[in-house]
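In this note's numbering, the protein residues as written are 2 to 389.
We treat Cβ as the ideally placed atom computed from N, Cα and C, and that holds for glycine.
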């Protein structure tokens with residue numbers, strides 16, 4: 002077998018959405034793939050998961066190509082055909098509809114563990130070897146291959162190592178890849194909320210003086226996924242409230258667009274932090290997804306940014322090449338540019354809606370009113386919202 006025709010071997014560390022998508026896609030290309038995941042395959046229950054993602058059309062296309070989107074139960078998908086964005090105690094407001102961009106929907110809200118469950122099943126069916134309940138504790142990376150030592154003493158070797166092990170990536174840290182980061186000084190509080198009125202497939206977001214609140218429509222017409230990003234001085238106080246007090250506070254920001262709200266799950270909180278890895282390629286190590294970048298959740302584009310990493314990485318290895326490193330360097334340049342652009346956009350949104358000074362509120366209100374009436378500008382905003 003010639004070097005040009007030889008199939009490659011990969012170890013993917015991380016069995017989340019991004020790692021499993023990468024592993025499945027590479028295996029479908031005929032490569033040998035192993036996944037190392039410290040957890041186990043997600044178990045599905047009848048309850049909605051607290052962590053969800055807004056899956057854009059581009060991400061959906063990738064999942065369809067992998068044969069996974071078609072397997073997802075329709076009764077657990079929350080397609081949304083409209084978006085409403087407003088500022089509390091202000092006239093600032095803008096609304097989008099799928100019809101404005103000639104689409105039937107703008108995306109779909111999907112539970113992370115649901116997608117991971119079906120990706121895991123598809124990966125195993127395709128012949129991906131998954132080492133679950135273990136982690137990599139040491140890596141050796143050279144110009145020619147990689148080797149790993151697992152926590153169960155097993156040794157693995159491959160042509161490439163792909164680090165998709167999340168924001169706290171141990172592989173990235175051990176490789177000493179330089180990292181730029183800053184804390185948003187906010188926590189995201191997530192929960193499932195029951196609504197008196199149907200959400201009508203509309204994703205809603207309210208900007209408040211202490212941070213944005215997202216009401217994301219789930220498959221059930223009267224359940225939404227709440228993502229409340231709140232400044233640190235206020236997050237502990239919100240979590241300390243009783244469920245009734247918490248919902249009462251939430252109700253005050255809802256414009257009564259969903260009627261009476263009821264907390265349908267426990268609340269969880271996690272700190273928000275921007276991270277950007279300055280080098281995504283080092284010899285035979287490739288860093289993708291949250292291991293390479295993490296952004297503010299206010300536009301729900303974190304998962305889509307990761308899926309775009311996967312889609313373009315799969316193109317690198319789709320055809321035989323004499324020098325994959327050249328292709329990988331080009332992939333790195335393109336994906337780093339996309340990540341920086343999205344990080345800047347999220348920072349602009351966050352800073353632009355921070356503070357409650359009356360002059361700032363007036364400027365924001367006038368700006369959104371103008372954007373709503375200016376078709377080209379509104380189209381640009383919709384492209385950001387769509388993740389295109």
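By DSSP, does residue i sit in helix, in strand, or in coil?
i           : result
residue 274 : strand
residue 298 : helix
residue 241 : helix
residue 254 : coil
residue 360 : For residue 360, the predicted structure reports a pLDDT of 47, less than 50, and the residue's modelled location is therefore unreliable. The matter cannot be settled from this model.
residue 109 : strand
residue 249 : helix
residue 125 : helix
residue 259 : coil
residue 279 : coil
residue 135 : coil
Relative to the alpha-carbon of residue i, which residue among the options has its alpha-carbon at the smallest distance?
i           : options            : result
residue 230 : 221, 218, 241, 209 : 209
residue 134 : 142, 168, 153, 167 : 153
residue 216 : 298, 276, 100      : 298
residue 45  : 57, 77, 32         : 77
residue 25  : 10, 84, 127, 105   : 127
residue 19  : 139, 9, 168        : 168
residue 293 : 316, 270, 272, 171 : 171
residue 8   : 322, 49, 262       : 322
residue 225 : 199, 237, 249      : 199
residue 214 : 197, 233, 189      : 189
residue 195 : 347, 36, 49, 342   : 49
residue 344 : 74, 73, 123, 275   : 275
Using DSSP bridges, identify the partner residues of residue i.
i           : result
residue 148 : 141, 158
residue 338 : Per DSSP, none; premise fails for residue 338.
residue 130 : 35
residue 264 : 194
Give me the Cα-Cα distance between residue i and residue j, rounded to the nearest whole angstrom.
i           : j           : result
residue 40  : residue 151 : 14 Å
residue 43  : residue 115 : 8 Å
residue 252 : residue 34  : 48 Å
residue 86  : residue 101 : 16 Å
residue 98  : residue 130 : 43 Å
residue 245 : residue 338 : 44 Å
residue 62  : residue 302 : 16 Å
residue 21  : residue 52  : 17 Å
residue 59  : residue 181 : 27 Å
residue 146 : residue 11  : 10 Å
Counting only beta-carbon atoms, is residue i nearer than 7 Å to chain C?
i          : result
residue 27 : Chain labels in this structure do not include chain C; a single protein chain is all it has.
- Sequence ranges, beta strand (DSSP E) only - wholly within the stretch 157–237, length at least 3: Correct list: 161–164, 180–196, 203–209, 212–218, 224–232.
- Counting only runs of 3+ residues fully inside the stretch 41–101, write out the beta strand (DSSP E) ranges in chain order. Within the stretch 41–101, the complete beta strand (DSSP E) runs of at least 3 residues are 53–56, 79–81, 83–88, 94–98.
- Task: List in chain order: all unbroken beta strand (DSSP E) runs of 3+ residues lying wholly within the stretch 2–41.
- Result: You should have 10–14, 33–38.
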